[in-house]
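**Q** Residue 87 in numbering that gives the first Met the number 0 sits at position 88 of the sequence shown, and the numbers go up by one each step.
Just so you know, even glycine gets a beta-carbon here, dropped at the ideal spot from N, CA and C.
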Amino acid sequence: MKISVSYLSSIFDKKSTIRLIDNSNADMIHVDLMDGMFVPKRNFYIEETLEDLKDTKKPLDIHLMVYEPEKYIKDLSTLKPEYITFHLESKTDIKETIKLIKSYGIKVGISIKPNTDISYLEPYYNDIDLILVMSVEPGAGGQRFIFDMLEKVEDLNDLKYNKGYKFMISVDGGLNEYSAIKCRDSGANIIVSGSYVCRHENYNERINLLRK
Ligand code: DX5
Ligand code: ZN
Numbered sequence: 000m001k002i003s004v005s006y007l008s009s010i011f012d013k014k015s016t017i018r019l020i021d022n023s024n025a026d027m028i029h030v031d032l033m034d035g036m037f038v039p040k041r042n043f044y045i046e047e048t049l050e051d052l053k054d055t056k057k058p059l060d061i062h063l064m065v066y067e068p069e070k071y072i073k074d075l076s077t078l079k080p081e082y083i084t085f086h087l088e089s090k091t092d093i094k095e096t097i098k099l100i101k102s103y104g105i106k107v108g109i110s111i112k113p114n115t116d117i118s119y120l121e122p123y124y125n126d127i128d129l130i131l132v133m134s135v136e137p138g139a140g141g142q143r144f145i146f147d148m149l150e151k152v153e154d155l156n157d158l159k160y161n162k163g164y165k166f167m168i169s170v171d172g173g174l175n176e177y178s179a180i181k182c183r184d185s186g187a188n189i190i191v192s193g194s195y196v197c198r199h200e201n202y203n204e205r206i207n208l209l210r211k
């Protein structure tokens, strides 16, 4: 199981946090971008984001919590991220946005909020590289893991094995050493962690606990 670390909530400033994750044994840097409409808080301006991440070495796992993902994809493509993930609940044309992300040679993810059923993803199972299951309401770090979301992970995992779909299953929000084990046992390929790692001094120690 891979560990993608989010710098959304940290005891250090943003630049130091990004550097610490980049030098840690995390597998990816999870980039949470919020437009202040899809979720209440806005936390980015695209030029600043490009500047913040331009010298990072680890693969970037971008999570767009925005209504209009198509607006940002061209700029973000310059960072050569591993994944760009947008929400099924956004206001975009889903098929077109999948095509747009792929046109830059970037892997595509779709994320679903806790109240969205996985069946709405069905038309896209064959076209996407990643499904990001939100295990908290998107919008803030430090929330409690919603254990009911493990059922979605199990169902998606069954679908992969029964129908041969190739997407990775990622779980985002409220991860700690206990919920991480549950995610792994349910079939998650990636887990996203923010505060559990970044609200501590020793990132590698926390990442190793998540990996166990
Ligand atoms: C929630 C974000 C998550 C989350 C991770 O809106 O997408 O990436 O903040 O942070 P923790 O691990 O603190 O829940
Ligand atoms: Zn996220």
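Between which two residues does the beta strand (DSSP E) carrying V30 extend?
**A** Unbroken beta strand (DSSP E) run through V30: M27 to M33.
**Q** What is the DSSP secondary structure of L129, counted as helix, strand or coil?
**A** Three-state DSSP puts L129 in a strand.
**Q** Three-state secondary structure (DSSP) at R41?
**A** Strand, per DSSP.
**Q** Along the chain, where does the beta strand (DSSP E) that runs through V65 open and close?
**A** Here V65 belongs to no beta strand (DSSP E), and DSSP marks it neither H nor E.
**Q** In chain order, what residues of the same chain have a beta carbon less than 6 Å from the beta carbon of L7, not counting five sequence neighbours either side?
**A** D31, G140 and G193, listed in sequence order.
**Q** Quick one: is the Cβ of H86 within less than 7 Å of any heavy atom of the ligand ZN?
**A** No.
**Q** Whose CA, out of K14, M33 and K151, lies closest to the CA of E50?
**A** The candidate whose alpha carbon is nearest that of E50 is K14.
**Q** For a test of your reading of the model: does the CB of H62 fall under 7 Å from any non-hydrogen atom of the ligand ZN? Yes or no.
**A** True, at least one ligand heavy atom lies under 7 Å from that Cβ.
**Q** Considering only the beta carbon of each residue, do V4 and C197 sit closer than 8 Å?
**A** Their beta carbons are under 8 Å apart, which means V4 touches C197 by this criterion.
**Q** Looking at T84 and I109, is the spacing between their C-beta atoms short of 8 Å?
**A** It is a contact, given that the beta carbons lie within the stated cut-off.
**Q** Can you say whether E176 is buried or exposed, counting buried as having 16 or more other CB atoms within 10 angstroms of its CB?
**A** E176 comes out exposed.
**Q** Check whether the segment 120-138 and the segment 154-172 are in contact - that is, three or more C-beta pairs closer than 8 Å.
**A** The answer is yes - the segment 154-172 touches the segment 120-138, with three or more Cβ pairs under 8 Å.
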